[in-house]
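*Asks:* Below: one structure in structure tokens.
In the UniProt record's numbering, the protein residues as written are 1 to 249.
Okay, here's the thing in structure tokens:
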């Protein structure tokens, strides 16, 4: 089989980083609320926001991938992939939900976060339907997950360590680091992927009835990740206003 060359749209690659960082910032803001004694709604709002951000980043980046053929996605696996990202984020954020956390909790939190990102990515990759065979370089697969775990752990540490408590822009820095774990893991993982043409190209998505088109998946990703982030901002604003009202009474 002939191995396909891969190219990326630089605009969509840049957008994928932006989506990941913005989603991470919104998620870490909610986790800060949780660590300050908030209810568990902040945990799940943060986990859903981060999980959908991972999902949106992945499919934005997959739209940036140019294989020279039509690509569709299995709806079930596409939907299932986001569940792993949300669960991984929920476990991660729960581990650091208290004001004081140990080094072990930070490492376990980063591991859960990175594992969730990794499983989401590879389930999303297996959802691809195209006229090509997909194989993986296993050592690179392992490296991609380690990258996500390592960067995610650093981001969680920046969020929780007392050393950065008075650092201006602490949450933005932590979000930039944690958010970058998602696309860095993705593009390292894509370097592990090998696409080989199988010689039966049909040239149209109709050959795979019932699948989601790339453009539809991208639209869904943008819409779904926007909703929880908007909700996060709305609830945060409402909480701040309520606190200010209580202090002024």
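All C-beta atoms, glycine included, are put in the ideal place defined by N, C-alpha and C.
1. Look at the alpha carbon of residue 166 and the alpha carbon of residue 159, and state the distance between them as a whole number of angstroms.
2. Since residue 253 and residue 181 should fall inside the 8 Å C-beta cutoff, what is the C-beta to C-beta distance between them, to a whole number of angstroms?
3. Expressed to the nearest angstrom, what Euclidean distance is found between the alpha-carbon atoms of residue 187 and residue 72?
4. Give the DSSP-derived three-state secondary structure of residue 196 in the structure shown.
5. Quick one: Cα of residue 11 to Cα of residue 145, how far?
6. Distance, Cα to Cα, residue 193 vs residue 42?
7. Quick check: the stretch 101-111 against the stretch 47-56, are there 3 or more CB pairs under 8 Å?
8. State the Cα-Cα distance for the pair residue 86 and residue 196, rounded to the nearest angstrom.
9. Given this structure, state the Cα-to-Cα distance separating residue 37 from residue 94, to the nearest angstrom.
10. Express the C-alpha separation of residue 122 and residue 84 in angstroms, rounding to a whole number.
11. Mapping the DSSP letters down to three states, classify residue 114 as helix, strand or coil.
12. Smallest Cα separation from residue 17: which of 70, 58 and 172?
13. If distances are taken between C-alpha atoms only, which option among 132, 31 and 24 comes closest to residue 99?
14. Measure the C-alpha to C-alpha separation of residue 109 and residue 27 and round it to an integer number of angstroms.
15. Kindly indicate which three-state DSSP category residue 127 falls into: helix, strand or coil?
16. I need the straight-line Cα distance from residue 169 to residue 53, nearest angstrom please.
17. Are there 16 or more other CB atoms within 10 angstroms of the CB of residue 135, so buried, or fewer, so exposed?
18. Give the straight-line distance between the Cα atoms of residue 208 and residue 23, rounded to the nearest whole angstrom.
19. Short of 6 Å in beta carbon distance, which residues of its chain neighbour residue 179, apart from the five on each side in sequence? Order them along the chain.
20. Of the residues 51, 14 and 65, which one's Cα is nearest the Cα of residue 5?
21. If you compare alpha carbons, which of 189, 62, 120 and 126 is closest to residue 139?
22. Please report the Cβ distance between residue 185 and residue 91, rounded to the nearest whole angstrom; I am assuming they are in contact, meaning their Cβ atoms lie under 8 Å.
23. Quick check on residue 201: does DSSP put it in helix, strand or coil?
24. Relative to the C-alpha of residue 171, which residue among 67, 63 and 33 is closest?
25. Is it buried or exposed for residue 142, if we count other Cβ within 10 angstroms and need 16 for buried?
26. So is residue 14 in contact with chain B if we call contact Cβ pairs under 8 Å?
*Replies:* Per the coordinate set shown:
1. One-based indexing of the chain shown puts residue 166 at position 166. One-based indexing of the chain shown puts residue 159 at position 159. Near 11 Å, if we compare the C-alpha coordinates of residue 159 and residue 166.
2. This structure leaves residue 253 out entirely; the chain is present only between 1 and 249.
3. Stepping through the chain shown from its first residue, residue 187 is reached at position 187. Stepping through the chain shown from its first residue, residue 72 is reached at position 72. Cα-Cα distance, rounded: 20 Å.
4. Position 196 of the chain shown, counted from the first residue, corresponds to residue 196. Looking at residue 196 - three-state DSSP - the assignment turns out to be strand.
5. Taking the chain shown and counting its residues from 1, one reaches residue 11 at position 11. Taking the chain shown and counting its residues from 1, one reaches residue 145 at position 145. Cα-Cα distance, rounded: 25 Å.
6. Along the chain shown, read from residue 1 onward, the residue named residue 193 stands at position 193. Along the chain shown, read from residue 1 onward, the residue named residue 42 stands at position 42. Their Cα atoms are separated by approximately 36 Å.
7. no
8. Your numbering for residue 86 matches position 86 in the chain shown. Your numbering for residue 196 matches position 196 in the chain shown. Residue 86 and residue 196: Cα-Cα distance of roughly 32 Å.
9. Numbered from its first residue, the chain shown carries residue 37 at position 37. Numbered from its first residue, the chain shown carries residue 94 at position 94. Straight-line Cα distance between these residues: approximately 13 Å.
10. Translated into the one-based positions of the chain shown, residue 84 becomes position 84. Translated into the one-based positions of the chain shown, residue 122 becomes position 122. Residue 84 and residue 122: Cα-Cα distance of roughly 10 Å.
11. Within the chain shown, the letter at position 114 stands for residue 114. The answer is helix: DSSP assigns residue 114 an H, G or I state.
12. Reading the chain shown from its first residue, position 17 is the one you call residue 17. Considering only alpha carbons, the answer is 58.
13. Position 99 of the chain shown, counted from the first residue, corresponds to residue 99. Residue 99 has its Cα closest to that of 31, out of 132, 31 and 24.
14. Locating residue 109 in the chain shown gives position 109, where the first residue counts as 1. Locating residue 27 in the chain shown gives position 27, where the first residue counts as 1. Their backbone Cα atoms lie some 14 Å apart in a straight line.
15. Taking the first residue of the chain shown as position 1, residue 127 is located at position 127. Residue 127 falls in the coil class under three-state DSSP.
16. Sequence index remark: in the chain shown, residue 169 carries index 169 (1-based). Sequence index remark: in the chain shown, residue 53 carries index 53 (1-based). C-alpha separation (whole angstroms): 21 Å.
17. The count along the chain shown starts at 1 and reaches residue 135 at position 135. By the neighbour-count rule (16 or more Cβ atoms within 10 Å), residue 135 is not buried but exposed.
18. Along the chain shown, read from residue 1 onward, the residue named residue 208 stands at position 208. Along the chain shown, read from residue 1 onward, the residue named residue 23 stands at position 23. Confidence at residue 208 is low in this model, with a pLDDT of 43, below 50, so its placement is unreliable and the value that follows should be read with caution. Taking the straight line joining both Cα atoms gives about 32 Å.
19. The residue labelled residue 179 in the question sits at position 179 within the chain shown. Result list for residue 179: 20, 21 and 24, in chain order.
20. Stepping through the chain shown from its first residue, residue 5 is reached at position 5. Taking only the C-alpha atoms, the option nearest residue 5 is 65.
21. Position 139 of the chain shown, counting from 1, holds the residue named residue 139. Among 189, 62, 120 and 126, the Cα nearest to that of residue 139 is on 189.
22. Here residue 185 is taken as the residue at index 185 of the chain shown, counted from 1. Here residue 91 is taken as the residue at index 91 of the chain shown, counted from 1. Not quite, the Cβ-Cβ distance comes to about 17 Å (not below 8 Å), so this is no contact.
23. Within the chain shown, numbered from 1, the residue matching residue 201 stands at position 201. Unreliable placement is indicated for residue 201, whose pLDDT of 45 sits below 50; no coordinate value is reported for it.
24. The count along the chain shown starts at 1 and reaches residue 171 at position 171. Here the closest residue by C-alpha is 33.
25. Along the chain shown, read from residue 1 onward, the residue named residue 142 stands at position 142. Exposed, since its Cβ has fewer than 16 Cβ neighbours within 10 Å.
26. Annotation note: the requested chain B is absent from the structure, which comprises a single protein chain.
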